[in-house]
Amino acid sequence: MKALRTIYMAGALLLTGFGTGCNDFLDEDADNVFTQHQIFSDNALIESAIANLYGRVEWGQSFSNITEYTVLDEAAYGWGGPSETAQFFQNHWRMYDYGLMREMNLFLEGLQSEAADSNRQLTDDMKRHYEGEVRFLRAWLYFNMCERLGGLPLIGDKVYEYEGQSEIPKMYVARATEEETYDYIISECNAVADYFLNDVVDPMSNIHAARATKWAALALKARAAIYAGSIARYNIVNNCLIKTSGLEVGIPEEQAAKFYKIAYEAAKEIIKGGKYSLYRQNSDKALNFYDLFVKKDSNPEVIWALDYIYPGKTHTWTSYNFATSVKTGDYANTVLPVLNLVEDFEYVNDRNGALKLRNGGDYVYYDNPEDLFKDKDPRLWGTVIYPGASFRSTRIDYQAGIMDKSSGAFRTVTGTPGQTNAQYGGIVTAINGPVANNDLYMNKTGFNVRKYVSESMDQGTRGSDVWFIRFRYAEVLMIASEAALELGYTGEALDYINQVRDRAGISKLETMTIEDIQRERRVEFAFENHRWWDAKRFRIAHTIWNASSDARLYSLFPYKVFAPGNPEIDGKWVFEKTDCYMKRYPLYFDRMCYYNGIDDSWITANPLLKKNPFQ
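Sequential numbering from 1 applies to the sequence shown in the numbering used here.
As structure tokens, this is what we get:
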């Protein structure tokens with residue numbers, strides 16, 4: 001029994017039109033179902049169907065669920081009371097979407113249908129381009145499932161149809177090995193890299209990098225290969241190899257070089273192609289790094305992004321993350337960077353990024369709060385709003401309280417946000433905090449996020465159309481550096497990582513290890529959905545988040561000194577490193593979390609599936 005071929009298109013979905021300008025966007029009504037014949041007889045419906053698929057490939061940290069940015073050691077949540085959770089769940093960020101894959105395969109089948117052949121407006125070149133886009137999205141889907149689950153059932157272009165109960169076992173597909181799954185993703189990227197018509201010559205014609213291109217396919221190939229290589233090389237955890245008997249999980253160590261070579265060559269092809277470069281539009285290194293994430297037009301660094309366009313598709317990252325003093329609505333302080341991240345940013349000429357808070361047993365005293373951050377990596381300013389930094393041409397002040405030394409020993413005095421006291425000459429606790437209590441929308445770490453937050457007043461009220469970047473040229477350079485290092489090409493490895501560091505405005509490395517790669521990625525890609533996956537693929541998650549004091553999140557509380565009669569310190573600023581109020585316990589990552597679990601219900605539906613380690 002053959003089912004009627006239908007494709008479901010849901011939601012208000014936006015995508016730059018094929019070969020069209022910036023204003024030609026698709027905005028589909030919800031809950032539309034079309035037959036294959038209807039869609040492939042009409043180019044506008046073909047575009048709409050592709051837009052639907054683009055709108056459904058967002059997983060992990062995203063602007064759609066911004067609290068996910070507060071799960072790791074990048075930030076804490078600012079609303080309400082503290083989290084009692086310390087241990088990561090095995091199935092965090094799990095996804096297993098063969099329903100979406102079926103719709104992708106239905107689309108590919110439709111490109112070969114009688115309706116498509118009869119559509120005189122649908123040229124063979126356009127068919128090839130559309131096939132490339134959807135196969136790229138399918139490879140992206142496989143990659144996102146593989147980094148969570150390991151080896152997967154590989155079904156190719158197959159569209160399964162229900163032919164009766166007795167035929168169901170014919171639809172069962174066993175999991176491929178993890179290596180085979182990465183091989184398949186890489187092969188799909190190879191196959192479609194030259195399928196694309198637009199922006200193969202000029203990426204700038206791809207409005208806001210919203211659609212897949214040859215270069216996006218190569219970037220996915222490079223990322224998939226570098227992930228596979230690191231899994232093969234670093235897969236021993238606590239003297240235990242993480243694998244299943246059939247290698248549905250686990251890649252043999254001897255395959256590491258193969259994958260590193262693939263990653264190296266894919267990254268080099270993008271580099272040699274000369275179509276992309278690091279964003280260097282502003283001589284101010286700090287502002288330049290910030291602009292990279294909010295300046296969309298003619299941005300030479302961005303290879304593929306999830307675009308947002310006002311008024312059809314916007315998000316709340318900006319309005320929810322303003323500091324209190326510059327907020328434009330009811331909300332503020334949702335994603336609050338923690339001190340752990342801030343201290344991982346180096347100084348311009350000092351690789352130890354620890355802030356200078358104490359001199360022996362005494363405080364280090366600063367004339368101004370921002371002096372604490374003098375000579376820090378300029379990317380810190382572009383990523384985080386710290387005490388005394390500016391945002392929207394406004395100074396952002398943080399003050400937890402007064403450090404009163406009028407009677408001998410220091411005594412901390414705090415108030416409600418914005419409270420003043422004439423005895424202390426003004427503010428006791430700034431309107432921006434930080435505070436350590438259950439107040440809603442209040443700062444509780446001493447920092448606000450800047451990356452991706454628009455300075456536009458409008459975007460704080462009507463919704464933001466700042467994009468979310470999935471692939472950019474800096475990642476290509478970092479993949480090239482990592483792969484070169486693992487292959488023994490140390491000179492090249494240093495050159496590529498130093499290009500990233502030079503753009504940032506910090507000293508170049510003369511020697512390097514894999515730990516340098518890990519640290520550089522930590523700061524360069526903060527809040528870009530890399531931290532979790534890097535910690536897992538390098539098999540360092542259990543050492544970073546090990547339930548010790550090192551795995552605790554920390555805040556930074558600034559205090560103004562009140563010491564009448566002691567002009568050397570009166571009016572100065574000191575800082576306290578405090579346990580983050582919003583995270584009661586150190587983070588703990590059990591080794592079972594390196595892979596999501598395979599549910600019993602999945603095995604009931606497909607008895608050929610096997611469970612993952614430690615289930």
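The C-beta atom is built at its ideal place from N, Cα and C for all residues, glycine as well.
(message) Beta-carbon within less than 6 Å of G21's beta-carbon, same chain only, minus the 5 sequence neighbours each way: which residues are those?
(response) As a first step, residue 21 must be located in the sequence shown, where it is residue number 21. Low confidence applies to G21: its pLDDT is 34, below 50, so where it sits in the model is not reliable, and the reading given next is rough at best. Taken in chain order, the list of residues that qualify is empty.
(request) Go ahead and label P627 buried or exposed: buried means 16 or more other beta carbons lie within 10 angstroms of its beta carbon, across all protein chains shown. (result) Residue numbering for the chain in the displayed model covers 1 to 615; residue 627 lies beyond these limits and cannot be assessed.
(request) Rank A263, M171 and F345 by C-alpha distance to the C-alpha of G505 and give the top, closest one. (result) Reading the sequence shown from its first residue, position 505 is the one you call residue 505. Here the closest residue by C-alpha is F345.
(request) Apply the 10 Å Cβ neighbour rule to Q499 and answer buried if 16 or more other Cβ atoms are within range, or exposed otherwise. (result) Position 499 of the sequence shown, counting from 1, holds the residue named residue 499. Buried is the call here.
(request) Go through its chain and collect everything with a Cβ distance to M145's Cβ below 8 Å, but skip five positions before and after it. (result) As a working mapping, residue 145 is identified with position 145 in the sequence shown. M95, Y96, D97 and L152.
(request) Starting from the Cα of N282, find the closest Cα among N443, L292, K275 and V71 and give me that residue. (result) Numbered from its first residue, the sequence shown carries residue 282 at position 282. Ranking the options by Cα distance to N282, first place goes to L292.
(message) Helix, strand or coil, according to DSSP, for Q90 in the structure here?
(response) In the sequence shown, the residue the question calls residue 90 occupies position 90. Looking at Q90 - three-state DSSP - the assignment turns out to be coil, as it is neither helix nor strand.
(request) Could you name each continuous alpha helix (DSSP H) segment of 4 residues or more that falls completely within the region 245-310, going from the start of the chain to the end? (result) 256-273 and 285-294
(request) Work out the CA separation of N288 and Y54 for me, nearest whole Å. (result) Counting from one through the sequence shown, the residue named residue 54 turns up at place 54. Counting from one through the sequence shown, the residue named residue 288 turns up at place 288. Between Y54 and N288, the C-alpha separation is close to 29 Å.
(request) Identify, in the order they occur along the chain, each residue of the same chain with its Cβ nearer than 6 Å to the Cβ of M171, setting aside the five sequence neighbours on each side. (result) Taking the first residue of the sequence shown as position 1, residue 171 is located at position 171. Here the set comprises Y160.
(message) Once the 5 residues before and after E624 are set aside, which same chain residues still bring their CB inside 8 Å of it?
(response) With the chain covering only 1 through 615, there is no way to say anything about residue 624.
(request) Report the rounded CA-to-CA distance for S48 versus N352, giving the unit in angstroms. (result) Taking the sequence shown and counting its residues from 1, one reaches residue 48 at position 48. Taking the sequence shown and counting its residues from 1, one reaches residue 352 at position 352. So the alpha carbons of these two residues sit roughly 51 Å apart.
(request) Just tell me which of R280, L306 and S245 has its CA closest to the CA of P300. (result) To locate residue 300, count along the sequence shown from 1; it is residue 300. Closest by alpha carbon: R280.
(message) Let me confirm a value: C240 is counted as buried when at least 16 other C-beta atoms fall within 10 Å, else exposed. Which label applies?
(response) If you number the sequence shown from 1, residue 240 lands on position 240. C240 is exposed by the Cβ-count criterion.
(message) Measuring alpha carbon to alpha carbon, tell me which residue in L108, R358, A256 and W602 is nearest D574.
(response) The residue labelled residue 574 in the question sits at position 574 within the sequence shown. The amino acid at residue 574 is misidentified as Asp; the sequence shows Val. Closest option to V574, Cα to Cα, is R358.
(message) Once the 5 residues before and after S277 are set aside, which same chain residues still bring their CB inside 8 Å of it?
(response) Numbered from its first residue, the sequence shown carries residue 277 at position 277. Excluding positions up to five away in sequence, the list reads P300, E301 and Y473.
(request) Buried or exposed for P387, please, with buried defined as at least 16 other CB atoms from any protein chain shown within 10 angstroms of its CB. (result) As a working note, residue 387 is residue 387 in the sequence shown. By the 10 Å Cβ count, P387 comes out buried.
(request) Take W602 and list the residues in its own chain whose beta-carbon comes closer than 6 Å to its own, dropping the five residues that flank it on each side. (result) Residue mapping note: residue 602 aligns to position 602 of the sequence shown, counting from 1. Excluding residues within five positions, the ones whose Cβ falls inside 6 Å are L609.
(message) Can you give me the C-alpha to C-alpha distance between N119 and G78, rounded to a whole angstrom?
(response) Locating residue 119 in the sequence shown gives position 119, where the first residue counts as 1. Locating residue 78 in the sequence shown gives position 78, where the first residue counts as 1. Their backbone Cα atoms lie some 54 Å apart in a straight line.
(message) If I follow the unbroken alpha helix (DSSP H) through D516, where does it start and stop?
(response) Position 516 of the sequence shown, counting from 1, holds the residue named residue 516. Looking at the DSSP string, the run of the alpha helix (DSSP H) that includes D516 is I514 to E524.
(request) Go through its chain and collect everything with a Cβ distance to D579's Cβ below 8 Å, but skip five positions before and after it. (result) The residue you call residue 579 lines up with position 579 of the sequence shown. So the list reads R552, L553, Y554 and S555, once near-sequence residues are dropped.
(request) Would you mind stating whether I262 and A225 have Cβ atoms separated by less than 8 Å? (result) Taking the first residue of the sequence shown as position 1, residue 262 is located at position 262. Taking the first residue of the sequence shown as position 1, residue 225 is located at position 225. Cβ distance < 8 Å, so I262 and A225 count as in contact.
(request) Taking the CB atoms as reference points, tell me whether L108 and V134 lie closer together than 8 Å. (result) In the sequence shown, counting from the first residue as 1, residue 108 sits at position 108. In the sequence shown, counting from the first residue as 1, residue 134 sits at position 134. Taking 8 Å as the Cβ cut-off, L108 and V134 qualify as a contacting pair.
(message) Mapping the DSSP letters down to three states, classify M457 as helix, strand or coil.
(response) Translated into positions along the sequence shown, residue 457 becomes position 457. DSSP places M457 in coil when its eight states are reduced to three.
(request) Kindly list the residues whose CB is nearer than 7 Å to the CB of V82, restricted to its own chain and excluding five residues on each side of it in sequence; keep chain order. (result) Sequence index remark: in the sequence shown, residue 82 carries index 82 (1-based). Looking at the sequence provided, one finds Pro at residue 82 rather than Val. The residues are Y581, M582, K583 and R584.
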